[in-house]
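Novice: Quick one: the structure is below, and I'll ask about it shortly.
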Amino acid sequence: MISTQKHTGEVNSSDIVRAMNSPAGSYSPEKLQALISPAAEDYLEEMAQTARQLTIQRFGKTIRLYAPLYLSNYCVNNCLYCGFNKDNKYQRRRLTIEQAVEEADIIASEGFRDILLVSSEDRESISVDYLCELAGRLRGKFSSISIEVYQMTTEEYAKLFAAGIEGVTLYQETYDRDVYRKYHPAGPKADYDHRLSAADSIAQAGMREIGIGALLGLSDWRLETLSLGEHAHYLMKRYWKSRVSLSFPRLRPAKNVDRTQFSFLSDKNLVQMIVALRLCFADAGMVLSTRERAELRDHLIEVGVTKVSAGSKTSPGGYSQSRNAADSTHSTDSGQAGSPQAEQFEIDDTRSPAEVAGMIRARGFEPVWKDWDSAFAKR
Amino acid sequence: MDKLVIAGKEFDSRLLVGTGKFASCEIMAEALEASGAEIVTVALRRVDICRKASPGGENKNDDTLRAIDVKRYLLLPNTSGARDAEEAVRLSKLARAATGINWVKLEVTPDPYYLLPDPVETLKAAEILVKDGFVVLPYINADPILSKRLQDVGTATVMPLGSPIGSNQGLKTRSALEIIIEQANVPVIVDAGLGLPSHAAEAMEMGADAVLVNTAIATAAEPNQMATAFKLAVEAGRMAYKAGAAAASKRASASSPLTGFLRDNKQEK
Amino acid sequence: MRECFFNFGEVKMEALKINGVEKQFPAGQLPSTVAKLLEVLDIEGATAAAEIDGEIIDREKFAETKLRNGQSIELVRFVGGG
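Residue numbers (this note's numbering), protein chains in the order written: chain A, 4 to 382; chain B, 57 to 325; chain C, 9 to 90.
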């Protein structure tokens, strides 16, 4: 999708200075390339200051909060990097509508009004109809319902939109075609171009929010960033009525996943990536999950991140289980086998939502649980 | 210099010139030549059928077009005078019937004081005209949302004003123009209010694809020279834009450090 | 008493409404086609556009488009404009 004019190693300081002096929030591939170059590391502090100012100007001194609700970890895909990979042996579970609503109630009781329904490629059980029904049940409790599930058609997305879901997140995983092929050898996700077209389907169906991202570590992070920039720019121009959000899932340890084959990026790289993208896209949402450790998240909300999850449980039924375990009067046998459920990735920020909200306030931002009232929408 | 492409047609010149307000047809023709323009706008007016020939034999219905070499310039009829979509569509069709050209500069200006364009009627007319096969270049106020709506219905460009027609005030709508240019999927032609060549250069430096100038050239003391000046300004502005100008520094002044924690932090994953 | 069966001095007239103004022609002298009308009005055909009773006439058809008594015609032409 993108061919870089020159390798980022060839970027010189005048390129970087010019990139930093260009209007904040304006994008060009050359500008992004300069800002993520190794040479730009020397300017990181200055970039971070500008990114912070720009974010505050556009988003206010606020940070949005959301919670993920994992519905199923049955998966037909064989993505080699994922904890839910179908060949991995672990206990699988999927929630019924009632169980999902029970999880959602716990999430709502923590204060969340923005929920992300997550599922592996489990079309059979977590079907379009299932999601529509669940959305109907949750509409009264949450002002924003988004999903992060398997890829669907435009018609299916339109159905979900009519049912009350207003955002869809779907990662390309990697924009590197060769690496993509390597990690998605077979199954529904094997077609790179089909995957890439998902964001268009999402937008055409009328969704208000489109979430994109790459799983950082599968390929060179600079390549991913440049591709992500082009993808975001394309979507913003073409689907001007939807908001594009960027996520930064960084490959993290997971059970049964071989770590040696990935190129993990450092904290510094991640900061540079976030800040560079913010300087190019003033209005893109930037989302950080509890994959990242607390201290890093605390700093990243100051330089461009606008939305974070908190208190996340990444296995289906995790919220109820956690509540039950905490409450010693309940029996520990809730019908599942003794071993804990498989998680998609290890959580590193284990703070409760209240603690995270407190941290946000301590840094001079207001935690926002409810961003907009979908009750006002005409559907 | 890179070519301007509108509806698949390529042009070398990024300066469009209007043919109104000139003292005479000859002066107009010379100025057009000096400007290097390839696209010139014309208007449509009712024929005056009650005219009497003046003593000098001058024909009040003297054709502007007689002075323009129609093989050399692309004539772009405008619908000035139309006060609503229906009138604009009618004028467009009349123009097409007269020339065979299906390009039209859509101008719906019910307000006779500032000649500001009506957004609602413009969008309405644009949709009808695009469906009827016209290449539509709509003249609008610098409204970013209206620009997107027009692009959605298929106009070939958008033509936001810099300031009201004839006011020569330059780019009063600069901030909005920046947004329009950033978000546009079609060429952006800044039209109206460009009083000086420096205004035109400024528009091109901002990334506009072309500009349209009429009053500033037609009413200058030396239209020929002014036309040349605008030509050079447009070229200079475009070159500067392509050369990647180092804009004035807008960088933040440091407050407390935001990335210090990276240095302190030994734990890298 | 004299009975008059015809009026001396009264000639039958025909008219076309052109650009909102009625223009009368003695019977038989109404311009037969658009092209003829333009000639009569001394208007350059190459740059004019015509609309008869609301219908736009292509320039190629000026010579063959017939005019009839009572029609409403719009004639426009190109002039300088921005």
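Where a beta carbon is used, it is the ideal one built from N, C-alpha and C, also for glycine. Computed from a predicted structure; not experimentally measured.
Would you list the residues sitting across from Y195 (chain B) in a DSSP beta bridge?
Specialist: According to DSSP, Y195 (chain B) bridges with B:M215.
Novice: Whose CA, out of A:G321, A:L199, A:L74 and A:E48, lies closest to the CA of I213 (chain A)?
Specialist: Answer by Cα proximity: A:L199.
Novice: Considering Cα atoms alone, identify which of B:I236, B:A93 and B:V126 is closest to T284 (chain B).
Specialist: Ranking the options by Cα distance to T284 (chain B), first place goes to B:A93.
Novice: Could you name the residues of chain B that V274 (chain A) contacts, counting a contact when the two beta carbons are closer than 8 Å?
Specialist: Result: T315 and L318.
Novice: As a quick exercise: from A:G367, A:A70, A:W372 and A:V274, pick the residue whose alpha carbon is nearest that of K64 (chain A).
Specialist: The shortest C-alpha separation from K64 (chain A) is found at A:G367.
Novice: Who are the near neighbours of I196 (chain B) in its chain, counting only those whose CB is closer than 8 Å to its CB and skipping five residues on each side?
Specialist: So the qualifying residues of the chain are P173, P175, T178, L202, S203, L206, V214, M215, P216 and L217.
Novice: Are the beta-carbon atoms of C82 (chain A) and H197 (chain A) separated by less than 8 Å?
Specialist: Against a cut-off of 8 Å, the Cβ pair of H197 (chain A) and C82 (chain A) comes out as no contact.
Novice: Consult DSSP for S110 (chain B) and reduce its assignment to one of helix, strand or coil.
Specialist: Since pLDDT at S110 (chain B) reaches only 39, below the 50 mark, its modelled position is unreliable, and the value read off the structure follows with that caveat. In the structure shown, S110 (chain B) sits in coil (DSSP, three-state: anything other than H, G, I, E or B).
Novice: Comparing C-alpha positions only, which one of B:S231, B:A292, B:M57 and B:L100 sits nearest to A256 (chain B)?
Specialist: Measuring from the Cα of A256 (chain B), the nearest candidate turns out to be B:A292.
Novice: In angstroms, rounded to a whole number, what distance separates the CA positions of V191 (chain B) and W243 (chain A)?
Specialist: Looking at the two C-alpha atoms, the distance is approximately 23 Å.
Novice: According to the neighbour-count rule (16 or more other Cβ atoms, all chains shown, within 10 Å of its Cβ), is R128 (chain B) buried or exposed?
Specialist: Exposed, since its Cβ has fewer than 16 Cβ neighbours within 10 Å.
Novice: Say the cut is 7 Å; is the CB of A57 (chain C) nearer than that to a heavy atom of the ligand HEM?
Specialist: With respect to the ligand HEM, the structure offers nothing, as it holds no ligand at all.
Novice: Using only the alpha-carbon positions, how far apart do S40 (chain C) and E47 (chain C) sit?
Specialist: Cα-Cα distance, rounded: 11 Å.
Novice: Helix, strand or coil for G190 (chain A) per DSSP?
Specialist: Three-state result, G190 (chain A): coil.
Novice: In angstroms, rounded to a whole number, what distance separates the CA positions of E106 (chain A) and K162 (chain A)?
Specialist: Taking the straight line from one Cα to the other gives about 24 Å.
Novice: For the structure I just gave you, are there three or more beta carbon pairs, one from the segment 269-284 of chain A and one from the segment 30-44 of chain A, closer than 8 Å?
Specialist: Yes: at least three Cβ pairs fall under 8 Å.
Novice: Could you check whether R67 (chain A) and D352 (chain A) sit closer than 8 Å to each other, using their CB atoms as the reference points?
Specialist: Going by C-beta atoms, D352 (chain A) is not nearer than 8 Å to R67 (chain A).
Novice: Under a CB-based cut-off of 8 Å, is A57 (chain C) close to chain B?
Specialist: Chain B, which has a Cβ nearer than 8 Å to the Cβ of A57 (chain C), makes this yes.
Novice: Residues of chain B with CB closer than 7 Å to the CB of G78 (chain C), please, in chain order.
Specialist: Going along chain B, no residue has its Cβ under 7 Å from G78 (chain C), so there is no contact; the nearest lies around 17 Å.
Novice: Only counting runs of 3 or more residues, tell me where the beta strand (DSSP E) segments fall wholly within the segment 81-137 of chain A, in order along the chain.
Specialist: List check, beta strand (DSSP E) in window: 117-122.
Novice: Just grab the DSSP bridge partners of S75 (chain A) for me.
Specialist: Beta-bridge pairing links S75 (chain A) to A:R97 and A:S122.
Novice: To the nearest angstrom, report how far apart K44 (chain C) and L75 (chain C) are at their CA atoms.
Specialist: Going by the C-alpha atoms only, they are around 9 Å apart.
Novice: Comparing C-alpha positions only, which one of C:L49, C:I65 and C:L38 sits nearest to R146 (chain B)?
Specialist: Per the Cα distances, C:I65.
Novice: Evaluate K187 (chain B) with the Cβ neighbour count: other Cβ atoms within 10 Å of its Cβ, from every protein chain shown; 16 or more gives buried, anything less gives exposed.
Specialist: It counts as exposed.
Novice: So, for M262 (chain B): in the same chain, excluding its five sequence neighbours on each side, which residues have a beta-carbon less than 7 Å away from its beta-carbon?
Specialist: The residues are L233, E234 and I237.
Novice: Give the single residue among A:S16, A:F267, A:I304 and A:Q264 whose Cα lies nearest to the Cα of I277 (chain A).
Specialist: Cα-wise, what sits closest to I277 (chain A) is A:I304.
Novice: For A166 (chain A), which residues of its own chain have a beta-carbon under 7 Å away from its beta-carbon, when the five flanking residues on both sides are left out?
Specialist: Taken in chain order, the residues that qualify are C135, A138 and G139.
Novice: Leaving out the 5 sequence neighbours to the left and right, which residues in its chain are closer than 6 Å to P351 (chain B) when beta-carbon positions are compared?
Specialist: With chain B covering only 57 through 325, there is no way to say anything about residue 351 (chain B).
Novice: In the DSSP assignment, what residue or residues form a beta bridge with T97 (chain B)?
Specialist: In DSSP, T97 (chain B) forms a bridge with B:G74 and B:L132.
Novice: Does the beta-carbon of S148 (chain B) have 16 or more other beta-carbons within 10 angstroms, so that it is buried, or is it exposed?
Specialist: Buried, by the Cβ-count rule.
Novice: Sort C:G62, C:G36 and C:E52 by Cα distance to I26 (chain C) and report the nearest one.
Specialist: Nearest option by C-alpha distance: C:G62.
Novice: Taking only three categories from DSSP, how would you classify I60 (chain C)?
Specialist: Here I60 (chain C) sits in strand by DSSP.
Novice: Give me the Cα-Cα distance between K180 (chain B) and T135 (chain B), rounded to the nearest whole angstrom.
Specialist: Cα to Cα, the separation comes out at about 14 Å.
Novice: Could you check which residue in B:A240, B:L193 and B:V269 has the C-alpha nearest to that of S219 (chain B)?
Specialist: Comparing Cα positions, the closest option is B:V269.
Novice: Just checking: is the beta-carbon of V371 (chain A) within a distance shorter than 8 Å of some beta-carbon in chain B?
Specialist: V371 (chain A) does not count as touching chain B.
Novice: Would you say A202 (chain A) faces chain B, with C-beta separation under 8 Å as the test?
Specialist: So no, A202 (chain A) is outside the interface.
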